[in-house]
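Q: Residue numbers (numbering that gives the first Met the number 0), protein chains in the order written: chain U, 0 to 381; chain F, 0 to 381; chain E, 0 to 381; chain H, 0 to 381. Glycine included, C-beta positions come from ideal geometry on N, C-alpha and C.
Number of protein chains: 4
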Amino acid sequence: MTEPTRHERLRLGMVGGGRDAFIGAVHRIAARIDDHYELVAGAFSSGPEKALASAADLGVARAYTSFAEMAVRESRRKDGIDAVAIVTPNHLHAPVAMQFLKRGIHVICDKPLTATLPEAKRLAKAAEAAGVVFALTHNYTGYPLVRQAKAMAAAGELGALRLVQVEYAQDWLTETVDSKQADWRTDPARSGAGGSTGDIGTHAFNLASFVTGLTLDQLAADLTAFVPGRRLDDNAHVLLRYHGGARGMLWCSQVAPGNENGLRLRLYGSKGGLEWAQEDPNRLWFSRLGQPRHMITRSGAGTGPEAARVTRLPPGHPEGYLEAFANIYTEAARAIRAVRTGTPVPEGTTFPGLKEGLEGVAFVDACVRSSARNGAWVRLAL
Amino acid sequence: MTEPTRHERLRLGMVGGGRDAFIGAVHRIAARIDDHYELVAGAFSSGPEKALASAADLGVARAYTSFAEMAVRESRRKDGIDAVAIVTPNHLHAPVAMQFLKRGIHVICDKPLTATLPEAKRLAKAAEAAGVVFALTHNYTGYPLVRQAKAMAAAGELGALRLVQVEYAQDWLTETVDSKQADWRTDPARSGAGGSTGDIGTHAFNLASFVTGLTLDQLAADLTAFVPGRRLDDNAHVLLRYHGGARGMLWCSQVAPGNENGLRLRLYGSKGGLEWAQEDPNRLWFSRLGQPRHMITRSGAGTGPEAARVTRLPPGHPEGYLEAFANIYTEAARAIRAVRTGTPVPEGTTFPGLKEGLEGVAFVDACVRSSARNGAWVRLAL
Amino acid sequence: MTEPTRHERLRLGMVGGGRDAFIGAVHRIAARIDDHYELVAGAFSSGPEKALASAADLGVARAYTSFAEMAVRESRRKDGIDAVAIVTPNHLHAPVAMQFLKRGIHVICDKPLTATLPEAKRLAKAAEAAGVVFALTHNYTGYPLVRQAKAMAAAGELGALRLVQVEYAQDWLTETVDSKQADWRTDPARSGAGGSTGDIGTHAFNLASFVTGLTLDQLAADLTAFVPGRRLDDNAHVLLRYHGGARGMLWCSQVAPGNENGLRLRLYGSKGGLEWAQEDPNRLWFSRLGQPRHMITRSGAGTGPEAARVTRLPPGHPEGYLEAFANIYTEAARAIRAVRTGTPVPEGTTFPGLKEGLEGVAFVDACVRSSARNGAWVRLAL
Amino acid sequence: MTEPTRHERLRLGMVGGGRDAFIGAVHRIAARIDDHYELVAGAFSSGPEKALASAADLGVARAYTSFAEMAVRESRRKDGIDAVAIVTPNHLHAPVAMQFLKRGIHVICDKPLTATLPEAKRLAKAAEAAGVVFALTHNYTGYPLVRQAKAMAAAGELGALRLVQVEYAQDWLTETVDSKQADWRTDPARSGAGGSTGDIGTHAFNLASFVTGLTLDQLAADLTAFVPGRRLDDNAHVLLRYHGGARGMLWCSQVAPGNENGLRLRLYGSKGGLEWAQEDPNRLWFSRLGQPRHMITRSGAGTGPEAARVTRLPPGHPEGYLEAFANIYTEAARAIRAVRTGTPVPEGTTFPGLKEGLEGVAFVDACVRSSARNGAWVRLAL
């Protein structure tokens, strides 16, 4: 285990993530784990009272009731925030990000990038122009054995890639659910055109892209809303065709009883196969054709430097979701520090950003278009 | 454990299954396990020498070098065979079966029913007209926990069925293989229009139909032959739409390294989910929405009479592929004895036959048609 | 898969195994699977009516109401039985076996060998003198991957053996049970001095001995009868010291809720480790120190000839308890045929017999003695 | 998920945990996760240069080269540390702790409590007299499903407890290892009289005690040092007898190839069984006699408030070792804040302390005494 040398903590602000939110607390822990950030400011809710109460809960002194005001005022302080974490519903990602990035504040944004594709393109263009670091928390790419899988695929351990089987199954929307979490995720105005596709399909798609390095050529999608009255898909069956000839299937569902966060990737090539599941993330199954299956464990025999650099513990001591999430934060911190010091980003630093964000929103858009055309093959509109 | 009361053994003949064959030996063991059959005649190979040598190996006195001759002569003997097991390559199923059934000899035939759909229809018509028992060895339906799953789905334990995820993954054709088994399975003349779809996709499709009781409305298929020079699909991605609104995905592959006989079914409804895998067949996972997942074991707590009647052992003592296969033979024996004695088939007797055979061949036909039209939705041509 | 060349079937008799019995039916299926035996005679019960009714059920013409009479009369027939299967409660094993072996009839006997150690010694001496084949159905040694494990240990794949962890856990006697099976197993007069130790501890002990090839030096045992009124141990904790320095633990229990037939062996040496569990018998886990864990599958990559010769199916098609049991019958058939034909027993033929039977009874005896002395270390009284 | 209301962070010092150390970094992350502590001072190594370099690495301004000096000077500062984390080799736990606790500084100490039993008793007495909070990081008790298991056992879900099967298997000392970690752990002067028993056996013993609530009556131990030249046990087989009649087995090993941190607990009572393994910590297996096995997931259906209060994530998102460790730190923070504010410790606050520490050292002492007497039954010398 290597512990990164401590520097001054980066000053972090947060938009969203107040009382009753889920993902905000995850971001806060993730930011703390490797000690790269100190949360010093926040506009934690769109409701002013709740925004202030949440700040008090968290002991954050610089509490704002408007993210626009926060962007302005923080950018004027000498000790203003270095980066902002955006953990609002999807439709706010773009407007919030725009306020901060145009003032040179780095952005760590929850996925999907935006609720619509045109918005995603505008945001990407603006962020690139601003020259800020833009990290998108496709957190599953932070798991050490996902990094290991990517390294093995890149090293040709599977031979030529032929097959991608990826799925993300949940059950929490099997029935009509009345909660803050369910509410905005099933509302097109706040979530965008995709339901399960946007919320978890993007994770599955990103994971497959990240590990394989493949680029999608076409997809054909069959989207369904099984629960009466639901306005967005709660299940999607998607066929994939990648450039170079690999093919695949993607299944995402929020109506599959018995599944909690069943994100699972299986890859097969001309020489071998790999399997990984996020509910059992400390094991990677590798089958070289004609040999017994190997169980590669996190930090165990057979793991390489790509996994080791994002691992904290010896094998057999499980790491989980928060550590993987923290890895995204830590990688982003490396990039932000590099910008601040005018030094190159340390070799190996890897985190999802605008490109992955655009692809994700384009994936949702393509799924919706294909499904509207009865599952015709369509291309990502990038 | 209940052991069926012993009767006179049924006299069984076999066509195919000589030296070097795989599935013939499986049928022979399956026929013996519950002691309902005695193998007394065979045309074990198309090569006369091998046919006779195989008979000698097996101690079968009535050895034939031609299945047509065998049908004629056995039908004339007083102690002629009651039933014939057909274990040839696919293209011979129909011609062989025709010879026997028209002489009133019951048929137990390996799947798929035939190599082509028109042939399947003719065979089905002829078999019905002949009034013989026709069992098709979709052997996975013989697993006790598959029966249990069917009973639970029928009893509404899953609520309204919404989702079918079924797959059958192998790796033995990942590279070009030179063997008798691989040879005919990758030859359109002997296998039919489907490669992996015919060989294992039919099993997956049948398993899903058997357990759910659903009827397919449409499918959309993306078939591929990944290995250079291969003439039939070795991988298929299929989207499913069932009558009544359920949707599904079917994946079959013979090029997925690390997979041996990975047949796996997952079903989800409005109230619960079920998962079963043939490589771990003594466990059935049942999740009622809002409750912890239950591990139902073969013969264990929570299993009902549908499973118990095809189980031989107490829980914790694994049964496997041969016992499941034997269950098909035993169920067929019950039907054959009923015909012989003019009594009703015992209640609960369940085995796949012509209907399932027709559906399977139509499934392959539809996959090939859909794939030829770039994955358009098509209906089974039944 | 190789199917043994068929010979004339051996004529088999059975003592015990009538209506309501469990293990008799298992023996009958095991005898049929590879087609080496035909059951032609039986004294299926000590009650005359039940004995005859059971024979009728099974279609066995030569039905006896006394095993002694059966031994006499069968030995006088020209077509008398070649071998007898003894599936009675433990206390009858010796008296029944004596009747048959002294008339030159081969014996296949359920375990443990006898109910008492002196009886075991007398029986072993008599059987050796008679020159008959004596097979004891420690059936778990028939599993292909148990054979594989033995071969790997013998080949030094684990280095010097240091540790044996073996257990057999059940739950069916967690409460007072009123059944034929429970009845005699908890009765010292019929079961012998050991309860769980005799019924399943002997299997665990035998399995460890078989795979490791080690000989026990001493044991220390803590036996308990947890259920009020139970006269024999239903749980045992045993420490093991083997000759050569290896040490181990053996746990057997019939009062461990959630365990069905949890027989599990783990071995560790200076270079590697092996794990196998009978509820998941088609997988063997092998860890070479400093390498990822390998999952060796039955018939899959990494298996050798010792496993292949007792396997019927390709990898991924599960074999189970009955096939393993059948392997003992088939190995015994090879030995019996060798005796009949005066030829050497085929190389590789392996089945448990008198030596293993004596060790098993001595193990129970030692456990009881040690426990009576508050867990003092004792040696097997062989 | 509930996030504890933020207060001023507690000021934390650390003794040990400099460069090359393992557990120090774990403590630091654990202290950060819930944001209760700020590390402000440290004597990170016994070597002055390394001590200062480590402090610089970590950005800790108050760097000491002597723990005694640190205790004196911190106790005199107005902003001196509230608590000290002791992460040295075992033999230093007592001398370090004494310096701090006598100055009213709360102690969070790694296990085992001390290297010898007399030392442990003196320390316990001193700590009680000082009235400080003393937390011992038996971190596995921080896992949510361990809390759940304890709650279920206490609620009688297992009926009367009969059996404890607990084990902790590793393989990292299978051969002679030359590392800082291995060095002190195999040195009696620094580790104490126990090798594997002290390092991991204490964890196993503590886990069983924590979950069951049982008190040990007697144990019988067979300790071995398998690796030539090793001075402390690297493997231990221990029989357990608890007050009230429950019995058990404990196995700990550092020479079991293929095992990383295989801590596993199985409990059986008159009505049910529970199984939990730290390498798969988000699942708890519960078997009620006569019902199918239930898989209880962390935060999932069937979990109660005792687990929920130490959980951060929804089900299906794995938590791991660091989160469990953080729970100990957070529980200790609750107790420390209560002392500081003179308020009662919040209900439900649970963490191991002096009592568990004493029992652990007494457990090692008893194992060594019993083994020296050839496995005689001995009592803990408390």
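1) Are the CB atoms of Asn373/F and Trp183/U within a distance shorter than 8 Å?
2) Can you tell me whether Val106/E is helix, strand or coil according to DSSP?
3) Per the DSSP calculation, Phe285/U is bridged to which residue(s)?
4) Anything in the segment 142 to 174 of chain U with a Cβ closer than 8 Å to a Cβ of chain E? List those residues in chain order, please.
5) Going by beta-carbon coordinates alone, are Glu355/E and Leu162/E separated by less than 8 Å?
6) Of the residues that make up the segment 12 to 44 of chain U, which ones have a beta carbon closer than 7 Å to any beta carbon in chain H?
7) Which residues share a DSSP beta bridge with Leu262/U?
8) What residues from the segment 303 to 325 of chain H come within 8 Å of chain U, judged by C-beta to C-beta, listed N to C?
9) Name, going along the chain, the residues of the segment 259 to 270 of chain F whose beta-carbon falls closer than 8 Å to a beta-carbon of chain E.
10) For Glu2/F and chain E, any beta-carbon pair shorter than 8 Å?
11) Who are the near neighbours of Val226/U in its chain, counting only those whose CB is closer than 8 Å to its CB and skipping five residues on each side?
12) Can you look up Gln217/E in the DSSP assignment and give me helix, strand or coil?
13) DSSP beta-bridge partners for Phe133/U?
14) With a threshold of 16 other CB atoms inside 10 Å of the CB of His242/E, please say whether the residue is buried or exposed.
15) Below 8 Å between beta carbons: does that hold for Ala150/E and Gly268/E?
16) Within the continuous beta strand (DSSP E) that includes Asn234/H, where are the two ends?
17) Assuming Ala220/U and Cys366/U form a contact by the criterion Cβ under 8 Å, report the distance between their Cβ atoms to the nearest whole angstrom.
18) Against chain U, with Cβ distances strictly below 8 Å, would Arg292/F count as a contact?
19) Take the Cβ of Gly23/E as the centre, count every other Cβ of all protein chains shown within 10 Å, and call the residue buried at 16 or more, exposed below.
20) So Val106/E and Leu100/E are in contact, right, with Cβ under 8 Å, and what is the actual spacing, rounded?
21) Whether or not the segment 313 to 323 of chain H and the segment 334 to 341 of chain H are in contact is what I'm after, with contact meaning three or more pairs of Cβ atoms, one per stretch, closer than 8 Å; do they touch?
22) Could you tell me the alpha carbon to alpha carbon distance between Lys120/F and Pro291/U, rounded to whole angstroms?
23) Could you tell me the alpha carbon to alpha carbon distance between Trp36/U and Ala188/H, rounded to whole angstroms?
24) Tell me the DSSP secondary structure of Ile80/H in three-state form.
25) So what's Tyr142/H in DSSP terms, helix, strand or just coil?
26) Whole angstroms is fine: what's the gap from Leu122/H's alpha carbon to Val132/H's?
27) Determine the DSSP secondary structure at Glu37/H, reduced to helix, strand or coil.
28) Given a limit of 8 Å on CB to CB distance, which residues of the segment 215 to 232 of chain U reach chain F?
29) Can you name, in chain order, every residue of its own chain whose Cβ lies under 8 Å from the Cβ of Lys49/E, other than the five neighbours on each side?
30) Pair every Cβ in the segment 248 to 262 of chain E with every Cβ in the segment 202 to 212 of chain E, then say whether three or more of these pairs are closer than 8 Å.
31) Would the beta-carbon of Gly359/H fall within 8 Å of that of Lys124/H?
32) Would you mind sorting Ser369/E into buried or exposed? The rule is 16 or more other CB atoms within 10 Å of its CB.
33) Determine, using beta carbons only, whether Met248/U comes closer than 8 Å to chain F.
34) Write down the C-beta distance between Thr223/E and Arg246/H rounded to the nearest angstrom, noting that I regard them as a contact closer than 8 Å.
35) Have a look at Ile32/F and Ala361/U and give me their C-alpha separation to the nearest angstrom.
36) Just to confirm the assignment, what range does the beta strand (DSSP E) spanning Ser74/H have?
A: Inspection of the coordinates gives the following:
1) no
2) strand
3) Answer is Leu273/U, His293/U, bridged to Phe285/U.
4) When C-beta distances to chain E are compared with 8 Å, every residue of the segment 142 to 174 of chain U stays at or above that value.
5) no
6) Phe21, Ala24, Ile28, Arg31, Ile32, Asp34
7) Tyr167/U
8) Arg311, Leu312, Pro313, Pro314, Gly315, His316, Pro317, Glu318, Gly319, Tyr320, Leu321, Glu322
9) Glu259, Asn260, Gly261
10) Confidence in Glu2/F is poor, its pLDDT being 47 and thus under 50, which makes the residue's placement unreliable; the coordinate value appears in the next sentence. By this cut-off, Glu2/F is an interface position.
11) Leu172, Thr173, Glu174, Thr175, Asp233, Val254
12) strand
13) Answer is Val106/U.
14) exposed
15) no
16) 234 to 241
17) 4 Å
18) yes
19) buried
20) 5 Å
21) Short answer: they don't touch.
22) Lys120/F and Pro291/U have their alpha carbons spaced roughly 43 Å apart.
23) At residue 36/U the sequence reads Tyr, which differs from the Trp that was named. If you take the alpha carbons of Tyr36/U and Ala188/H, they lie about 41 Å apart.
24) coil
25) coil
26) Approximately 13 Å between the Cα atoms of the pair.
27) strand
28) Ala219, Asp221, Thr223, Phe225
29) Gly17, Arg18, Phe43
30) yes
31) In terms of Cβ geometry, Gly359/H and Lys124/H do not form a close pair [threshold 8 Å].
32) buried
33) yes
34) 6 Å
35) 57 Å
36) Here Ser74/H belongs to no beta strand (DSSP E); instead the alpha helix (DSSP H) covers 66 to 75.
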